[in-house]
Amino acid sequence: MYTCGPTVYNYTHIGNLRSYVFADILCRTLRYNGLKVKQIINITDIGHLSSDGDVGDDKMTKGLLREGKELNLKNMRELAEFYAEKFKEDLKHLNIQKPEGFYFASDYVKEDIEFIKKLEQKKYTYKTTDGIYFNTSKMSDYGILWGKTRNKKELQSRIMENPEKKNKEDFALWKFNPKIGFSSPWGKGFPGWHIECSAMGMKFLGEQFDIHTGGIDLIPTHHTNEIAQSECATGKKPFVKFWMHSEFVDTGGVKMSKSENNFLRLESLINKNINPITYRFWLLMASYRTKVNFVWEALGGAETALKRLYNLYSDLGADVGNIHQEYKNKFKEFINDDLDTPRALSLLWDVFKDPNISDADKKATILDFDKVLGLDFADLKEEKIPAKIKKLAEEREKARGNKDFKKSDELRGKINSLGYEIKDNPSGPEIFTNT
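Sequential numbering from 132 applies to the sequence shown in the numbering used here.
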């Protein structure tokens, strides 16, 4: 399984992160079904010379200019390593399992060059003043991934026009850059963005592998071009058996985008004391194929629901019993039905509410579900009540002792407004998260 990684010229936003949550659920589901999964994620630190549609400025160059750094390969790699580490931290916060490897594109330029040579030998390439291009007219079913074929005349390329190109859909395999870049038989420069994924995918997974994932925006250009160059290089054997894509996360109906500077980082949630797993949980409430619109109110609702689940789980006690087979079979049916996480979460609630299952068996069943859901039930830690809340609770208890019930009620309301609740027990008041 090859998962398209980030272009590390800036922080990864929560829209980007949706595709990695989706890929993680997919990996976990395959393993839940007893399969062994070898997943790799690339880190694009060179060669992504433009946007997802192959237009605009080189993103890594933009990153260096933004941070006032000299344009050279050393600085480009340092920039990439910094943002790659931040990306990995985000994955960890979201409880996304590590792939077999993260691989920087700049470490595999040799493989890119060898790949381009294969295409050159088979007469799929031509040269212009700015680079080496792939001739899409030599592939009759170019665009088949998104249901388009040349003879239908429906291809709508987003690729920047170049008067030297033979076809508007043709794309760069190697871009010349005499000032900065790598040596090659065609001149100094960079590999095209698309060639990197083909070369690294084949290096680590073979000429044909099972699954390729990414965001839906990669279908018409990046993944379409991966198929074209890969299948032409290997003699038309299918490059990938299954292509799977996740939908966008919008903000106010607009796609979240670093280039448009309307992106939100996971750190923004953490700074608001929101557990990052809340964002994972919120995403799982919708199909990965469904576009979602991020609003803080919706995330707040997800946070309340997740805290409620955590509290219910904590109340089950320490014993772990046996997995309830009927519920497990239903869960497997739902998650195997195109990763139907909304129904899987609904079933999770059913397990908690079922009076006919012992607490120990509920716990075992929930932990089994969580092998796929990744909501971190096994590692729940007892929540520490803030000192401010404890002080208000003490003041309330003092008011109750003085029979000042008006003040007691006011303090209870204040505690509730801060996200906590008090339950009066014979042994004394108990403070817990308000859900």
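Glycine residues also receive a C-beta, built at the ideal position from the N, C-alpha and C atoms.
Suppose you measure from the CA of residue i to the CA of residue j; what does that come to, to the nearest Å?
{"i": "C328", "j": "E362", "result": "13 Å"}
{"i": "D574", "j": "K494", "result": "Nothing about residue 574 can be read from this structure; the chain reaches only from 132 to 566."}
{"i": "D492", "j": "L470", "result": "24 Å"}
{"i": "N147", "j": "R197", "result": "21 Å"}
{"i": "E242", "j": "D341", "result": "21 Å"}
{"i": "T411", "j": "L523", "result": "Residue identity differs from the one stated: residue 411 is Arg in this sequence, not Thr. Taking the straight line from one Cα to the other gives about 33 Å."}
{"i": "Q456", "j": "K484", "result": "16 Å"}
{"i": "R289", "j": "E209", "result": "With a pLDDT of 41 at R289, under the threshold of 50, the modelled position of this residue cannot be trusted; read the value that follows with caution. Whole-angstrom Cα-Cα distance: 31 Å."}
{"i": "G199", "j": "K193", "result": "10 Å"}
{"i": "F246", "j": "K190", "result": "23 Å"}
{"i": "V482", "j": "T160", "result": "19 Å"}
{"i": "N453", "j": "I497", "result": "10 Å"}
{"i": "F462", "j": "K254", "result": "51 Å"}
{"i": "G318", "j": "F307", "result": "6 Å"}
{"i": "I520", "j": "E231", "result": "44 Å"}
{"i": "E526", "j": "G165", "result": "55 Å"}
{"i": "N460", "j": "K502", "result": "14 Å"}
{"i": "A154", "j": "N141", "result": "21 Å"}
{"i": "A215", "j": "Q252", "result": "35 Å"}
{"i": "Q287", "j": "K248", "result": "Since pLDDT at Q287 reaches only 45, below the 50 mark, its modelled position is unreliable, and the value read off the structure follows with that caveat. Q287 and K248: Cα-Cα distance of roughly 28 Å."}
{"i": "S477", "j": "K545", "result": "32 Å"}
{"i": "T267", "j": "H325", "result": "14 Å"}
{"i": "K167", "j": "E220", "result": "25 Å"}
{"i": "P407", "j": "D238", "result": "32 Å"}
{"i": "E464", "j": "D555", "result": "43 Å"}
{"i": "G320", "j": "G383", "result": "40 Å"}
{"i": "N467", "j": "T143", "result": "29 Å"}
{"i": "L195", "j": "K217", "result": "17 Å"}
{"i": "R281", "j": "L479", "result": "Residue confidence for R281 is low, a pLDDT of 45 falling below 50, so the modelled location carries little weight; the figure read from the coordinates is stated next. Roughly 47 Å between the two C-alpha positions."}
{"i": "G366", "j": "L250", "result": "10 Å"}
{"i": "L222", "j": "N293", "result": "38 Å"}
Spatial neighbours of residue i within its chain, please: C-beta separation below 6 Å, excluding the five flanking residues on both sides.
{"i": "N424", "result": "D381"}
{"i": "I156", "result": "L470"}
{"i": "I244", "result": "S315"}
{"i": "G136", "result": "I172, N173 and I174"}
{"i": "A211", "result": "V139 and D176"}
{"i": "H343", "result": "Y133, V371 and W374"}
{"i": "N298", "result": "T267 and S268"}
{"i": "K538", "result": "A530"}
Sort the options by Cα distance to residue i and report the nearest one.
{"i": "S377", "options": "T355, G345, R396 and L397", "result": "G345"}
{"i": "E428", "options": "T259, I405, L443 and D446", "result": "I405"}
{"i": "F563", "options": "H343, P407, P517 and L542", "result": "P517"}
{"i": "N226", "options": "H325, L549, G505 and A364", "result": "G505"}
{"i": "A364", "options": "L498, R543 and M333", "result": "M333"}
{"i": "R162", "options": "I263, D499 and K438", "result": "D499"}
{"i": "D272", "options": "L250, I263, E251 and E300", "result": "E300"}
{"i": "K368", "options": "I358, M375 and W374", "result": "I358"}
{"i": "N487", "options": "Y458, D555 and R474", "result": "Y458"}
{"i": "A236", "options": "V503, M331, N442 and D535", "result": "M331"}
{"i": "L447", "options": "D490, E464 and R527", "result": "D490"}
{"i": "V152", "options": "F508, L397, N141 and Y140", "result": "L397"}
{"i": "Y234", "options": "G337, A509 and Q170", "result": "Q170"}
{"i": "E295", "options": "G366, T260 and Q339", "result": "T260"}
{"i": "E338", "options": "P316, S315, L542 and V371", "result": "V371"}
{"i": "L549", "options": "W374, C158, I156 and T435", "result": "T435"}
{"i": "A509", "options": "P309, L440 and S314", "result": "L440"}
{"i": "F313", "options": "I466, W324 and L204", "result": "L204"}
{"i": "N206", "options": "I177, G320, K229 and D221", "result": "I177"}
{"i": "H224", "options": "V168, I401 and T472", "result": "I401"}
{"i": "G274", "options": "K403, Q360, K258 and A211", "result": "Q360"}
{"i": "G323", "options": "M270, K269 and T256", "result": "T256"}
{"i": "G262", "options": "K438, P309 and K269", "result": "P309"}
{"i": "D507", "options": "I145, Q228 and K217", "result": "Q228"}
So residue i and residue j are in contact, right, with Cβ under 8 Å, and what is the actual spacing, rounded?
{"i": "I172", "j": "T134", "result": "5 Å"}
{"i": "S445", "j": "L511", "result": "6 Å"}
{"i": "L276", "j": "T175", "result": "In fact, because the Cβ distance is near 20 Å, the residues do not count as touching under 8 Å."}
{"i": "L304", "j": "F335", "result": "No, L304 and F335 are not in contact; Cβ-Cβ is about 20 Å, not under 8 Å."}
{"i": "I311", "j": "L202", "result": "6 Å"}
Output needed for residue i: all residues of its chain with C-beta closer than 7 Å, excluding positions within five of it in sequence on either side, in chain order.
{"i": "K283", "result": "Bear in mind that the predicted position of K283 carries a pLDDT of just 40, short of 50, making it too unreliable to give a figure here."}
{"i": "D183", "result": "In this prediction, D183 has a pLDDT of 49, which is less than 50 and means its spatial position is unreliable; nothing more can be read from the coordinates."}
{"i": "A433", "result": "T409, F412, W413 and M416"}
{"i": "T421", "result": "E378"}
{"i": "E528", "result": "P560"}
{"i": "L542", "result": "L523, E526, R527 and A530"}
Check whether the Cβ of residue i lies closer than 9 Å to any Cβ atom in chain B.
{"i": "L166", "result": "You won't find chain B in this structure, because it holds only one protein chain."}
Ordered list of alpha helix (DSSP H) runs contained in the stretch 136 to 213, each at least 4 residues: You should have 145 to 163 and 190 to 197.
Completely contained beta strand (DSSP E) runs for the stretch 348 to 405, where each covers 3 or more residues: Correct list: 371 to 377 and 380 to 382.
Output the residue ranges of the beta strand (DSSP E) runs that lie fully inside the stretch 216 to 302 and measure 3 residues or longer, sorted by chain position. Taking 3 residues as the minimum length, the beta strand (DSSP E) runs contained wholly in the stretch 216 to 302 are 232 to 235, 256 to 259 and 262 to 265, in order along the chain.
Sequence ranges, alpha helix (DSSP H) only - wholly within the stretch 432 to 508, length at least 4: Fully enclosed alpha helix (DSSP H) runs of 4 or longer: 456 to 467, 472 to 484 and 490 to 504.
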